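Chains as they are written, first to last, in our numbering: chain U, 48 to 186; chain S, 12 to 135.
Virtual Cβ for every residue (Gly too), placed ideally from N, Cα, C.
Remember, it's a predicted structure, so these values are computed and weren't measured experimentally.
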Amino acid sequence: MRFSSSQKKHKLNRAAVNLSSMIDVTFLLLVYFIVTTVLPTPEDLLTPALKVEEGTSISIDDLDPQIIEIRLQDGLPLYVIGSHLCPDRESLAVVLLSLPTEPGLIVRVNNEVPVAFAVAAIQVARDANFEKVTYVPVN
Amino acid sequence: MTPMIDIIFLLIIFFMVAAEFAQQARLELHLPQEKGESLNDAQNTGLVINIRKDGAIILEVDSPPVTIDALDERIKAAITGDNAPWESLLIRADQDASTTTLNEIFRLLNKHGLSATRIATEVP
Numbered sequence: 048m049r050f051s052s053s054q055k056k057h058k059l060n061r062a063a064v065n066l067s068s069m070i071d072v073t074f075l076l077l078v079y080f081i082v083t084t085v086l087p088t089p090e091d092l093l094t095p096a097l098k099v100e101e102g103t104s105i106s107i108d109d110l111d112p113q114i115i116e117i118r119l120q121d122g123l124p125l126y127v128i129g130s131h132l133c134p135d136r137e138s139l140a141v142v143l144l145s146l147p148t149e150p151g152l153i154v155r156v157n158n159e160v161p162v163a164f165a166v167a168a169i170q171v172a173r174d175a176n177f178e179k180v181t182y183v184p185v186n
Numbered sequence: 012m013t014p015m016i017d018i019i020f021l022l023i024i025f026f027m028v029a030a031e032f033a034q035q036a037r038l039e040l041h042l043p044q045e046k047g048e049s050l051n052d053a054q055n056t057g058l059v060i061n062i063r064k065d066g067a068i069i070l071e072v073d074s075p076p077v078t079i080d081a082l083d084e085r086i087k088a089a090i091t092g093d094n095a096p097w098e099s100l101l102i103r104a105d106q107d108a109s110t111t112t113l114n115e116i117f118r119l120l121n122k123h124g125l126s127a128t129r130i131a132t133e134v135p
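This is the structure in structure tokens:
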């Protein structure tokens with residue numbers, strides 16, 4: 048059986064659907080979204096207790112004998128525990144490991160200290176197994 | 012060829028949706044790089060209080076900063092009728108922000124009788 052030339056042409060056209068361009072575009076889209084998507088970074092929590100000193104009605108003895116004070120000295124944050132002055136978290140961790148954990152720990156944070164240093168103190172206290180860590184904001 | 016194209020389209024849809032959710036879920040902040048207490052419940056939160064580096068308080072993504080007075084009202088509304096109200100609040104503070112705003116917020120929480128708080132950290 049012989050086909051006419053128009054029938055042959057019709058069959059050729061149906062077989063010549065080319066998907067290469069669409070696949071190229073699709074791959075480009077895929078690469079674009081892979082590169083530009085920023086998946087959320089994992090977050091966790093610290094859960095300190097809260098206490099506010101109201102005037103002079105609460106003395107240090109009422110709160111707890113173990114107190115870290117975080118303040119700025121010469122523009123740099125400083126952790127102060129009694130007579131110990133700790134310029135970084137490593138030295139703070141060493142001091143905390145020598146303290147009893149049962150009474151808990153007070154973290155007094157002065158204004159103007161970067162948040163990272165206050166949070167670091169809470170984390171170091173938790174790592175040193177202090178069950179009760181209390182955040183006290185200080186003016 | 013068809014299954015491959017299907018998979019690629021599904022991947023594209025996944026990344027488009029993931030990108031959208033990532034933008035909407037949280038305000039972009041540089042949280043303190045700490046491992047936290049491994050509580051894994053950072054998502055179980057009613058009110059999220061974001062503190063930007065400049066000290067501005069943001070409650071919702073794409074919303075303007077709020078004042079302490081406005082925050083006071085929002086906290087009051089958020090903790091009403093809850094048994095453990097402090098667990099319904101989350102504070103996300105930029106690591107370079109000053110504690111001045113954070114301390115103000117903690118005084119506010121204490122005023123409302125909250126005995127503890129939750130501070131978000133970024134797991135390094």
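Who pairs with residue i in a beta bridge, going by DSSP?
i: S:A131; result: U:L92
i: S:N61; result: S:I69, S:R103
i: U:V156; result: U:I117, U:P184
i: U:V127; result: U:E116, U:L132
i: S:L119; result: According to DSSP, which records beta bridges pairwise, S:L119 is partnered with nothing at all.
i: S:V77; result: S:I68
i: S:S109; result: U:P161
i: U:L97; result: U:Y182
At least one CB of chain U closer than 9 Å to the CB of residue i: is that the case?
i: S:I69; result: no
i: S:S99; result: no
i: S:E115; result: yes
i: S:N61; result: no
i: S:G57; result: no
i: S:N121; result: yes
i: S:R85; result: no
i: S:I79; result: no
i: S:T91; result: no
i: S:P43; result: yes
i: S:S109; result: yes
i: S:A30; result: yes
i: S:L38; result: no
Between which two residues does the beta strand (DSSP E) containing residue i stretch?
i: S:A104; result: 100-104
i: U:Q116; result: Here residue 116 of chain U is Glu; the residue named in the question, Gln, does not match the sequence. Unbroken beta strand (DSSP E) run through U:E116: 114-120.
i: U:T181; result: 180-185
Compare the C-beta of residue i against all C-beta atoms of chain S and say whether one is closer than 9 Å.
i: U:I169; result: yes
i: U:T148; result: no
i: U:F80; result: yes
i: U:E178; result: no
i: U:V99; result: yes
i: U:D91; result: yes
i: U:N158; result: yes
i: U:Y126; result: no
i: U:S104; result: In this prediction, U:S104 scores a pLDDT of 47, lower than 50, which makes its location untrustworthy; the coordinate-derived value is nonetheless stated afterwards. No, no contact with chain S.
i: U:I153; result: no
Taking a contact to mean a Cβ-Cβ separation below 9 Å, would you say residue i touches residue j in this structure?
i: U:Y182; j: U:A163; result: no
i: U:L119; j: U:N176; result: no
i: S:L149; j: S:T132; result: Outside the displayed span of chain S (12 to 135) sits residue 149 of chain S, for which this structure offers no information.
i: U:P161; j: S:D107; result: yes
i: S:I102; j: S:P96; result: no
i: U:L143; j: U:I153; result: no
Can you tell me whether residue i is buried or exposed? The criterion is at least 16 other CB atoms within 10 Å of its CB, across all chains shown.
i: U:A172; result: buried
i: S:D71; result: The sequence given here has Glu at residue 71 of chain S, not Asp. Its Cβ having fewer than 16 others within 10 Å, S:E71 is exposed.
i: U:F74; result: exposed
i: S:I24; result: exposed
i: U:T88; result: exposed
i: U:S130; result: exposed
i: S:S109; result: buried
i: U:Y126; result: buried
i: U:T83; result: exposed
i: S:I62; result: buried
Note the first and the last residue of the continuous alpha helix (DSSP H) segment covering residue i.
i: U:L76; result: 67-83
i: U:A163; result: 162-174
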